[in-house]
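Below you'll find the structure, written out as C-alpha cells, and then a few comments.
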Amino acid sequence: MPISNLTNGIPSDRKIDQFEPPYGYLSSIDPYPCFDESVINYSTNQRSQKSSNLICKLVLIGDVAVGKSSLATRLCHNTFDRNYKATIGVDFEVERFLILGVPLSLQIWDTAGQERFKCIAGKYSLLHFQVQ
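When you number the sequence shown by my numbering, it's gap-free, plus one each residue, and the end is 134.
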C-alpha cells in the first residue's frame, strides 16, 4: 500500500514536518548532531520505502478519577466532558499522526482505576512511570 493512502485524512495539527532545535547541547536527545552522509542516506531510503503504518501504544494507568479519560478525550477530540463516567475495563482510541513523512497510529488505552480492575492494567503495559 502506498504511503499516500496511509496519510490521507490526517489533520494538519497531527502532522510534524520538523522538530524544534534543542535549547542547548545538553538538552538534546542526540549529543552528536552531525551524522555521516551514508547514515543519513540509509535512513532516508528506509523511511521512503516503508509503506506500512507504525503503531505506538499509550496506556493510561492510575487511580479512580485522576483524569485518565479526560486526557484521552482531550487528545483525541479536543474537548472536556464535565460529566464523570467511570471507565469499565478498558476504553480504546486511535489517533493518526504524520511525523517527518512517516505515518504513525497512536493507540490510546484508557484503563479503569477501580481496585477490581487493577489486575487488567498490568496486562496491557510493559513499562510504568509516574508523571508529577
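Just so it is clear, CB atoms sit at the ideal spot from N, CA and C, and this is done for glycine as well.
Every value quoted in this text rests on a predicted model; they were computed, and no experiment measured them.
- In the three-state scheme derived from DSSP, where H, G and I count as helix and E and B as strand, LEU108 is classed as strand.
- Per DSSP, the unbroken alpha helix (DSSP H) holding LYS70 starts and ends at 70-79.
- Taking 8 Å as the upper bound for CB-CB distance, CYS121 and GLU97 are not in contact here, some 27 Å apart.
- Taking C-beta separations shorter than 6 Å and ignoring five residues to either side along the sequence, the partners of ASP93 in its chain run ASP112, following chain order.
- Between the stretch 13-24 and the stretch 98-107 there are three or more C-beta pairs closer than 8 Å, enough to call the two in contact.
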